[in-house]
Amino acid sequence: MPIPSSAFPRPRPDEAPAPNKTPPRVQGRHRKPKPPSRATRAAVVAGAGVAIPLAGLAGVATAEAASTSSWDRLAQCESGGNWQINTGNGYYGGLQFASGTWRSHGGARYAPRADLASRVEQIAVAERVLDTQGWGAWPACSRRIGLD
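FYI, the numbering for the sequence shown is 0 to 147, going by numbering that gives the first Met the number 0.
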């Protein structure tokens, strides 16, 4: 059944068309920069005095939070839990170490590549990586399992 034309109201001749709702081009005016006040500088210095010691504690808390179950969960995500995996993609072992990361964090004392090292040896190297790079060394999986 067709819709009657009376269902669509027409504007009356005495009504003006709706004004264009597009906002005019806005040109921002910026204040001339001024140096921070004495109070602002004092607050920044005081904040840094508190933040710097706390930053040291954050590293300790991160390292302590890395239990063996955290490493096992991370390995499950990274490599399906296979600590000896070598797929030829340039990443090795359960935690998928790049060769450079493995060597620069002391892994060569255990084995030439992570996939040739034991689970315990890989975790020992991973603890050093965690201390220097944080969980961001394993960005996708650490986020996925809630370690970041």
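By construction, the Cβ of each residue, glycine as well, lies at the ideal position given by its N, Cα and C atoms.
Looking at C-alpha atoms only, which residue of the options is the closest neighbour of residue i?
{"i": "Gln83", "options": "Ala116, His104, Ser66", "result": "Ala116"}
{"i": "Glu120", "options": "Ser103, Asp130, Arg108, Leu129", "result": "Arg108"}
{"i": "Arg118", "options": "Ser98, Pro35, Gly87, Thr67", "result": "Thr67"}
{"i": "Asn88", "options": "Val128, Asp114, Gly135, Leu73", "result": "Asp114"}
{"i": "Arg102", "options": "Gly80, Arg127, Asn81", "result": "Arg127"}
{"i": "Ile144", "options": "Thr100, Asp71, His104, Ile122", "result": "Asp71"}
{"i": "Ile122", "options": "Phe96, Arg40, Pro34", "result": "Phe96"}
Where residue i and residue j are concerned, what is the direct C-alpha to C-alpha distance, given to the nearest angstrom?
{"i": "Ser98", "j": "Cys76", "result": "19 Å"}
{"i": "Pro111", "j": "Ser69", "result": "25 Å"}
{"i": "Gly79", "j": "Ser36", "result": "56 Å"}
{"i": "Thr100", "j": "Trp137", "result": "12 Å"}
{"i": "Asn81", "j": "Arg40", "result": "53 Å"}
{"i": "Gly133", "j": "Leu146", "result": "10 Å"}
{"i": "Ala62", "j": "Tyr90", "result": "Only weak support is given to the placement of Ala62: the predicted model assigns it a pLDDT of 44, under 50, and the value that follows is read from those uncertain coordinates. Distance between the alpha carbons of Ala62 and Tyr90: 23 Å."}
{"i": "Arg142", "j": "Gly135", "result": "9 Å"}
{"i": "His104", "j": "Ala38", "result": "44 Å"}
Would you list the residues sitting across from residue i in a DSSP beta bridge?
{"i": "Asn85", "result": "Tyr91"}
{"i": "Ala97", "result": "Tyr90"}
Residue i and residue j look like a contact to me (Cβ under 8 Å); what is the Cβ gap, rounded to whole Å?
{"i": "Leu129", "j": "Ala74", "result": "In fact, because the Cβ distance is near 14 Å, the residues do not count as touching under 8 Å."}
{"i": "Leu94", "j": "Ala139", "result": "Not quite, the Cβ-Cβ distance comes to about 13 Å (not below 8 Å), so this is no contact."}
Count the other CB atoms within 10 Å of the CB of residue i; is the residue buried (16 or more) or exposed (fewer)?
{"i": "Thr131", "result": "exposed"}
{"i": "Gly106", "result": "buried"}
{"i": "Thr86", "result": "exposed"}
{"i": "Gly92", "result": "buried"}
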